[in-house]
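To start, the structure under review is shown below, and the notes come after it.
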Amino acid sequence: MLDIKLVRENPDKIKSALLARQLPNELSKIDELLALDQRRRALVSQSDSLKAKRNKVSDDIARLKRNKENADALIAEMKIVSDDIAALDAELRDLEAKQEELLLHLPNLLHESVPLGKDASENVVCKEVLRHQRDFDFKPKNHLELGKALDILDFERGAKITGAGFPVYKGKGATLERALINFMLDTHLAKGYEEIFPPFFVNRESLRGTGQFPKFIGQVYRASYEGQETYEADTVGRLFAIPTAEVPVTNLHRDEILKGSQLPIKYVAYSACFRSEAGSYGKDVRGFLRVHQFNKVELVKFATPETSYDELESLVADAESILVALGLPYRVVLLCSGDIGANAAKCYDLEVWSPAEQRFLEVSSCSNFEDFQARRANIRFKRDEKSKPEFVHTLNGSGLATSRLMVALLENYQTKDGKIIVPEVLRPYARFDAIG
RNA sequence: GGAGAGGUGGCCGAGUGGCUUAAGGCGUCGGUUUGCUAAACCGAUGUAGUGUCGAAAGGCGCUACCGGGGGUUCGAAUCCCCCCUUCUCCGCCA
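So this is what it looks like as structure tokens:
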């Protein structure tokens, strides 16, 4: 969420960000917001001065009553004042709700280093690490064929017991998945991240805090719990399956004031991730490319404003180190203004090479949100005891998501006779060195 | 699921409708005293919104905030309703 003060004082800055993000239809929202804000501020000032009067006269009434004098005239007068206040406050609540709604839907500003571009085709490839790219002397199988032949992935039974997009890992496939997760966690722990094992369900405040709500409410699975039917609206008593560990982990410090000396805070968290992927039918539907449940190891940082871009670079490097250790071909892409997510000020994607698909697959998004999430979630810090609280900068990135990583792993490490060689670094975790 | 007790500032804790500007204490910061330290004493010590003065740091004023939301009242930390949450006991359960 952006600061309403920023909107008020610098509307052009926000408008140019909207244009860069290819959102020209949103421009009118800024003017709407400015008009609302002006009206709201006028009402606040009216209401406040009436309240000041009420407080003062209430003291007078108290004094009269103590002296056993008559206060009926003042009470009658204040009755009217109170009614006026109630009317103003009702209108104010309405305006505030509308303003909040508009503000929550506005995307973040962009960092100056973000390239301008209309869509994904104009993203900038910063780095390609292709030394592990293989020349196959046979036609590489895709992960579906490999998974089926080796009996380690079962999409059909997943669809039977739950639904399409809920894969089952079996035998050495299940073990390899677990090995990957543990390898990634241990690697990040060694780099000074603290491990969190978060709840997989959160409340709506948490989703609002990290910016998934209200915009992406359709992408999130909901769970009701007993007694929920009796609540007046479906806004109460619902929990939501997390789309990423970013949500619970960033919200750990919601409504808190951190000490400057604690920063940067670096967390690593494994979680299952749940995404309904509504409206995305037709693209990347095969196998692991798009699923409703997957596993991810997430990196989350809380940093001071002046260090957050250095922290972003090291976050990307930490995520990259997994791909390097696994010996997979990959590239780093800087997202352009037309492709970057609404909450991020700057974002790098890590993409791993799929020999069967003959293209790169996204396995990580590393973003600096600056104070966008911190303002929503009210996460602040004090430089020292005496200084005023400031919003922290929040960052996160996958390190990494396993589903597409598994695709790349199986495909890149397959042999001509249909086996999978387990990468060296995973062997201590898997306790076998090949599948098949 | 049932019964009971709680949630007040950075922390502890008083406060049953107006002499509360949230008592008192602890902590922290500044000062006085002082070979040094400690103690004692004095003072300060929240967040947000808004107005005003200022080049700025900040000052002064007003408003809101006692778990969250609604209500009663001229006036609510205090009374009423709903919700969240913590603890204790009972029941059930992997």
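Position 379 of the first sequence, counted from 1, bears residue number 418 in our numbering, the numbering being contiguous throughout.
Cβ atoms here follow ideal geometry from the backbone N, Cα and C, with glycine treated the same way.
For residue i, the first and last residue of its enclosing alpha helix (DSSP H)
i, result
"L354", "S347 to L365"
"R60", "Per DSSP, R60 belongs to no alpha helix (DSSP H) and is neither H nor E."
"Y468", "R466 to A469"
"L45", "I43 to E48"
"F411", "F411 to A416"
"A188", "H182 to A188"
Residue i - DSSP class collapsed to helix/strand/coil
i, result
"A203", "coil"
"S477", "What the structure shows of the chain is the stretch from 40 to 475, and residue 477 is not part of that stretch, so it cannot be assessed."
"Y369", "strand"
"I459", "strand"
"K211", "helix"
"E396", "coil"
"R217", "helix"
"D472", "coil"
"K178", "coil"
"L148", "coil"
"F222", "helix"
"N451", "helix"
"F239", "coil"
"K52", "helix"
"R325", "coil"
"M40", "coil"
"A229", "coil"
"D273", "Unreliable placement is indicated for D273, whose pLDDT of 39 sits below 50; the coordinate value is still reported in the next sentence. D273: coil per DSSP, three-state reduction."
Where the beta strand (DSSP E) containing residue i begins and where it ends
i, result
"Y306", "I304 to F313"
"G248", "Premise fails: G248 lies in the alpha helix (DSSP H), R243 to T249, not in any beta strand (DSSP E)."
"T433", "H432 to A440"
"L73", "Unbroken run through L73 is the alpha helix (DSSP H), L66 to R105; no beta strand (DSSP E)."
"L478", "Beyond the ends of the chain as shown, which are 40 and 475, falls residue 478; an answer cannot be given."
"E234", "E233 to I235"
"V501", "Because residue 501 is not part of the residues shown, which for the chain are 40 to 475, the question remains open."
"E285", "No beta strand (DSSP E) contains E285, which is instead part of the alpha helix (DSSP H) from E285 to T289."
"K166", "V163 to V168"
"K298", "E295 to K298"
Inter-residue Cα distance where the pair is residue i and residue j
i, j, result
"P146", "I43", "13 Å"
"L3", "E359", "Missing from the structure shown is residue 3; the chain here goes from 40 to 475 and no further."
"K421", "P303", "13 Å"
"I361", "Q77", "51 Å"
"D98", "R247", "41 Å"
"K211", "T289", "33 Å"
"I296", "N417", "8 Å"
"E48", "I200", "55 Å"
"T214", "M445", "12 Å"
"V46", "K54", "9 Å"
"N334", "A311", "4 Å"
"K157", "C375", "8 Å"
"L224", "E234", "8 Å"
"L103", "D133", "37 Å"
"V286", "F194", "28 Å"
"T254", "A188", "Residue identity differs from the one stated: residue 254 is Lys in this sequence, not Thr. Their backbone Cα atoms lie some 41 Å apart in a straight line."
"A136", "H144", "13 Å"
"D349", "V163", "19 Å"
"A272", "L57", "With a pLDDT of 38 at A272, under the threshold of 50, the modelled position of that residue is not reliable, and the figure given next carries that caveat. Taking the straight line from one Cα to the other gives about 34 Å."
"N221", "F177", "32 Å"
"A384", "F313", "25 Å"
"F408", "E463", "35 Å"
"P282", "L465", "26 Å"
"L278", "V241", "6 Å"
Residues that residue i bridges to, as DSSP identifies them
i, result
"L278", "A262"
"R173", "Answer by DSSP bridge pairing: none, since R173 is not bridged."
"V153", "Note: V153 sits in no beta bridge, so no partner."
"R419", "I296 and F430"
"V391", "Y369 and L400"
"L192", "Y208"
"S160", "The partner list for S160 (beta bridge, DSSP) is empty, contrary to what the question assumes."
"N407", "K385 and L434"
Residue i CB to nearest heavy atom of the ligand NAD below 6 Å
i, result
"L351", "Judged by which ligands are present, the structure shown has none, so any question about the ligand NAD falls away."
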